[in-house]
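Down below is the structure, laid out as structure tokens.
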Amino acid sequence: QVQLVESGGGLVQAGGSLRLSCLASERTLSNYIMGWFRQAPGKEREFVASIEWSNSITYYSDAMKGRFTISRDNAKNTVVLQMNSLKVEDTAVYYCHAHSFFGNLDYWGQGTQVIVSS
Numbered sequence: 006q007v008q009l010v011e012s013g014g015g016l017v018q019a020g021g022s023l024r025l026s027c028l029a030s031e032r033t034l035s036n037y038i039m040g041w042f043r044q045a046p047g048k049e050r051e052f053v054a055s056i057e058w059s060n061s062i063t064y065y066s067d068a069m070k071g072r073f074t075i076s077r078d079n080a081k082n083t084v085v086l087q088m089n090s091l092k093v094e095d096t097a098v099y100y101c102h103a104h105s106f107f108g109n110l111d112y113w114g115q116g117t118q119v120i121v122s123s
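Position in the sequence shown (first residue = 1) + 5 = our numbering.
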């Protein structure tokens, strides 16, 4: 069982930046792809970005490409989402996600709220 703990959400004005972090309890993440999803009120949860832990290959939703950057800190077992040029429509609860290639298992964090004001 992998525990994921997000931090870094909050309130920011449009055009501003926020940095989300997700600490994973699993010591060895080489068989995982880590990422972020978000869910706005009344909408489906959607993919934001992900990173393959073993080789740092990254994937982005087209809507976030160029504004968001996902990275990992191997020493801290942390995945980071740097969000720049935030828009009001980026307001959502952001969830950290881990997918294990072994056993095809998925884990979710509790979510962190991001509010972008106009």
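A virtual CB, placed ideally from N, CA and C, is assigned to each residue, including glycine. All values reported here derive from a predicted model rather than from experimental measurement.
Discussion item. Buried or exposed for arginine 24, going by 16 or more other Cβ atoms inside 10 Å?
Written reply: exposed
Item to complete: Say whether the stretch 71-80 touches the stretch 9-17, bearing in mind that this needs 3 or more beta-carbon pairs closer than 8 Å, one atom from each stretch.
Response: no
Worksheet item: Going by other Cβ atoms of all chains shown within 10 Å of its Cβ, with 16 needed for buried, is glycine 21 buried or exposed?
Response: exposed
Worksheet item: What alpha helix (DSSP H) runs, 4 residues minimum, are completely inside the stretch 68-111?
Response: none
Worksheet item: Which whole-angstrom value is the C-beta distance of cysteine 27 and valine 10, which I expect to be below 8 Å?
Response: 7 Å
Fill in: Ordered list of alpha helix (DSSP H) runs contained in the stretch 18-59, each at least 4 residues
none
Fill in: Pair within 8 Å by beta-carbon distance, isoleucine 38 and serine 66
no
Worksheet item: Starting from valine 119 and walking both ways along the beta strand (DSSP E), at which residues does that stretch end?
Response: 117-122
Worksheet item: How big is the Cα-Cα spacing for histidine 62 and glycine 40?
Response: Reading the sequence as shown, one finds isoleucine at residue 62 and not histidine. So the two alpha carbons sit approximately 11 Å from each other.
Practice prompt. Tell me whether phenylalanine 42 is buried or exposed, calling it buried when 16 or more other Cβ atoms sit within 10 Å of its Cβ.
Written response: buried
Item to complete: Measure from the alpha carbon of tyrosine 100 to the alpha carbon of each residue in Tyr64, Val121 and Tyr112, then state which is nearest.
Response: Tyr112
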